[in-house]
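Under our numbering, the first residue of the sequence shown carries the number 65, and numbering increases by one thereafter. C-beta atoms are modelled at their ideal positions from N, C-alpha and C, and glycine is treated no differently. Working notes, structure below.
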Amino acid sequence: MKFELLVLSLVFVSLALKAKVSAEVTIGTYADPSHPGQCVLQQLVLSPGAVAKHPEMCAKITCHDNSKASIVTCAAMIPPEGCTVGEPVDPEANYPNCCRKKIICNNGLVFNS
65 MKFELLVLSL
75 VFVSLALKAK
85 VSAEVTIGTY
95 ADPSHPGQCV
105 LQQLVLSPGA
115 VAKHPEMCAK
125 ITCHDNSKAS
135 IVTCAAMIPP
145 EGCTVGEPVD
155 PEANYPNCCR
165 KKIICNNGLV
175 FNS
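Given below as structure tokens:
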């Protein structure tokens, strides 16, 4: 029984490591005349050097000089063969933990990326 659990655990870890994830970065100007030099996205106002979670999606925003900001988002996940990507595990978590998704495999295994 212990050996079977060990083998199942190793298969689970192996599948989790095979799921490929990468991030996308977007850089843009987020200026607002009422907040010169800061980055403004909806009601979020950041000073240069500040980092925050995006107000509407799983992403991290970093404010740079001159109201420029970089937004790092979750890119497409490629699941292992015989598996599909499911719903986010914790969409309210901070980036990058909000990127984690359920992986559902044809053999009945379900795990979090």
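Between the segment 137 to 147 and the segment 97 to 113 there are fewer than three inter-stretch CB-CB distances shorter than 8 Å, so the stretches are not counted as touching.
Excluding five sequence positions before and after residue 96, the CB atoms of its chain that fall closer than 7 Å to its own CB belong to 104, given in chain order. For the pair residue 91 and residue 134, the CB atoms are nearer than the 8 Å cut-off. According to DSSP, residue 88 shares a beta bridge with 137.
Nearest to residue 120 by alpha-carbon distance, out of 87, 157 and 173, is 157.
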